Amino acid sequence: MKDDLRDLLRANDPARGREMSAVERARIEATLSAAAPRPSRPWAPILAMGIVTAALLIVGVFSIPRPAKVQGTSPAPAPEPVPAVAQVEPARSVTTASRPSRRRRAQARPAADDVTSATTRIEFTAPEGTRILWFVGSPDAKELGS
Amino acid sequence: MAHTLIFEERHDVTSDDRAPAETIAQLFDAHHARLYRLALRLTWGDDDARDLVQECFLRAIEHRVPADPEAAERWLTRVLVNLCRDRARRGVVRRAYDMTVADASPAPVNDPVVSAAVRDAVLALPVKQRAVVVLHEIEGRTLQEVAALLGIAAVTARWHLHVALRSLRKELSR
Numbered sequence: 033m034k035d036d037l038r039d040l041l042r043a044n045d046p047a048r049g050r051e052m053s054a055v056e057r058a059r060i061e062a063t064l065s066a067a068a069p070r071p072s073r074p075w076a077p078i079l080a081m082g083i084v085t086a087a088l089l090i091v092g093v094f095s096i097p098r099p100a101k102v103q104g105t106s107p108a109p110a111p112e113p114v115p116a117v118a119q120v121e122p123a124r125s126v127t128t129a130s131r132p133s134r135r136r137r138a139q140a141r142p143a144a145d146d147v148t149s150a151t152t153r154i155e156f157t158a159p160e161g162t163r164i165l166w167f168v169g170s171p172d173a174k175e176l177g178s
Numbered sequence: 116m117a118h119t120l121i122f123e124e125r126h127d128v129t130s131d132d133r134a135p136a137e138t139i140a141q142l143f144d145a146h147h148a149r150l151y152r153l154a155l156r157l158t159w160g161d162d163d164a165r166d167l168v169q170e171c172f173l174r175a176i177e178h179r180v181p182a183d184p185e186a187a188e189r190w191l192t193r194v195l196v197n198l199c200r201d202r203a204r205r206g207v208v209r210r211a212y213d214m215t216v217a218d219a220s221p222a223p224v225n226d227p228v229v230s231a232a233v234r235d236a237v238l239a240l241p242v243k244q245r246a247v248v249v250l251h252e253i254e255g256r257t258l259q260e261v262a263a264l265l266g267i268a269a270v271t272a273r274w275h276l277h278v279a280l281r282s283l284r285k286e287l288s289r
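In structure tokens, the structure reads:
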């Protein structure tokens, strides 16, 4: 009786000779592929940033100009041996130079007019000798030399 | 006016808990044919079988499937049977409130020898009993294998088989 029922069930098996069609299989696979997460690599951008930073550092180090080496320089002389007894030097007196006053600094400063004023040179020749008159920035003649 | 607060327990699945695409592809290649046949035998409907298989692997994406092949087979079979049971419950409710809804599990049209009596008798069984009958009587698995696949005790599987065969004989003897 049980075997008869089993035979009946197997004879009416709805899945006998049935396979999922390739189209349906591809559709389900596409659905699953869209729903499944892709493996994420969070270390990838960090690694890329580290590589770029290292490259920039290397380029920066090699782009700095180095001072030219002096050829044929003798090595530095060896330091003299330190005497056994330390010599005590007398303390130096500290002298401080006071800053000159504003008035003195004004006097020491050359006048701007003297520098920029026009100078006229007039030379007179006479039997007793030659006289030169200099006009320096003022209408009054000033005898500077002869 | 009384207010009712409904707390819904949700299990949010993070991206780290989800199975990667390569694992799902391997699982699909290894198990989709067997699951499709099992779904066909449980539902007697091609569309329902395809939907069940797809839903089963979508569940596999959201949860961690065991890496062991046999454990993965058990996990997928159990999920498929539970999905079929949920679908049957929704179908029962739908038929109870909407009698115009067509039968969700039509017989495959390309099988000329299918008996409507056998189909109706099998579909009248509860899903758990149906699964035991299909796995034991049609697929030829032992009751221990059936119990392991469904996650029940062997005694329970034997009891389900006994009750299911008695119901089938009663329905087919009419």
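Protein sequences appear in the order of chains A and B.
End of the first sequence sits at 178 in the numbering used here; the numbers just go up one at a time, nothing left out.
End of the second sequence sits at 289 in the numbering used here; the numbers just go up one at a time, nothing left out.
Don't be surprised by glycine CBs; every beta carbon is placed ideally from N, CA and C.
Quick caveat, the model's predicted, so the values are computed rather than measured.
TODO: Starting from the beta carbon of residue 60 (chain A), find every residue of chain B whose beta carbon is closer than 8 Å, and list them in chain order.
DONE: Under the 8 Å cutoff, chain B gives 143, 147, 165, 168, 169 and 172.
Task: First through last residue of the beta strand (DSSP E) which encompasses residue 158 (chain A) - done: 151-158 is the span of the beta strand (DSSP E), which, as asked, contains residue 158 (chain A).
Task: Contact list for residue 47 (chain A) against chain B, beta-carbon separation under 7 Å - done: Scanning chain B for C-beta atoms nearer than 7 Å to the C-beta of residue 47 (chain A) yields 152, 155 and 156, reported in chain order.
Task: As assigned by DSSP and simplified to three states, the class of residue 193 (chain B) - done: Looking at residue 193 (chain B) - three-state DSSP - the assignment turns out to be helix.
Open item on the list: For residue 165 (chain A), list the residues DSSP reports as bridge partners.
Closed with: As computed with DSSP, residue 165 (chain A) is found in a beta bridge with A:154.
Task: Buried versus exposed, by CB contacts within 10 Å (16 or more), residue 292 (chain B) - done: Not covered by the structure: residue 292 (chain B). The range shown for chain B is 116 to 289.
- [ ] Indicate whether residue 245 (chain B) and residue 157 (chain B) have their beta-carbon atoms separated by less than 8 Å.
- [x] The Cβ atoms of residue 245 (chain B) and residue 157 (chain B) sit closer than 8 Å to each other.
Task: Proximity of residue 194 (chain B) and residue 174 (chain B) at Cβ, strictly below 8 Å - done: Result yes, Cβ atoms of residue 194 (chain B) and residue 174 (chain B) sit closer than 8 Å.
Task: Opening and closing residue of the alpha helix (DSSP H) in which residue 92 (chain A) lies - done: 75-95 is the extent of the alpha helix (DSSP H) around residue 92 (chain A).
TODO: Mind reading off the beta-carbon distance from residue 142 (chain B) to residue 192 (chain B)? Whole number of angstroms is fine, and I expect it under 8 Å.
DONE: Not really, about 12 Å apart at Cβ, beyond 8 Å.
TODO: Examine chain A for any beta-carbon lying closer than 8 Å to the beta-carbon of residue 135 (chain B), and answer yes or no.
DONE: Yes, residue 135 (chain B) lies at the interface with chain A (some Cβ there is under 8 Å from its Cβ).
Task: Residue range of the alpha helix (DSSP H) that includes residue 258 (chain B) - done: First-last of the alpha helix (DSSP H) with residue 258 (chain B): 258-265.
- [ ] Say whether chain B places a C-beta atom closer than 8 Å to the C-beta of residue 67 (chain A).
- [x] Chain B, which has a Cβ nearer than 8 Å to the Cβ of residue 67 (chain A), makes this yes.
TODO: Could you tell me whether any Cβ in chain A is nearer than 8 Å to the Cβ of residue 190 (chain B)?
DONE: No, no contact with chain A.
Open item on the list: Within 8 Å, do at least three Cβ pairs link the stretch 61-71 of chain A to the stretch 274-287 of chain B?
Closed with: Fewer than three pairs of CB atoms, one per stretch, sit closer than 8 Å, so the stretch 274-287 of chain B makes no contact with the stretch 61-71 of chain A.
Task: Complete runs of the alpha helix (DSSP H) confined to the stretch 133-202 of chain B [at least 4 residues] - done: Correct list: 136-158 and 161-177.
TODO: Measure the alpha-carbon distance for residue 220 (chain B) versus residue 136 (chain B) and round it to whole angstroms.
DONE: Caution is warranted here: a pLDDT of 47 is assigned to residue 220 (chain B), below 50, making its placement in the model unreliable, and the coordinate value is therefore given only provisionally. Answer to the nearest angstrom: the Cα atoms are 31 Å apart.
Task: Alpha-carbon to alpha-carbon, residue 138 (chain B) and residue 287 (chain B) - done: Our two residues, residue 287 (chain B) and residue 138 (chain B), have alpha carbons roughly 44 Å apart in a direct line.
TODO: Determine whether the Cβ of residue 74 (chain B) lies closer than 8 Å to any Cβ atom of chain A.
DONE: Residue 74 (chain B) cannot be examined here, being either before or after the span of chain B that is shown, 116 to 289.
Open item on the list: Let's test the definition: count the other Cβ atoms within 10 Å of the Cβ of residue 243 (chain B) and tell me whether it reaches 16, buried, or not, exposed.
Closed with: Burial call: buried.
Task: CA-to-CA distance, residue 152 (chain A) to residue 139 (chain A), given in whole angstroms - done: If you take the alpha carbons of residue 139 (chain A) and residue 152 (chain A), they lie about 25 Å apart.
TODO: Please determine, among B:268, B:176 and B:163, the residue with the shortest C-alpha to C-alpha distance to residue 61 (chain A).
DONE: It is B:176 whose Cα lies nearest to the Cα of residue 61 (chain A).
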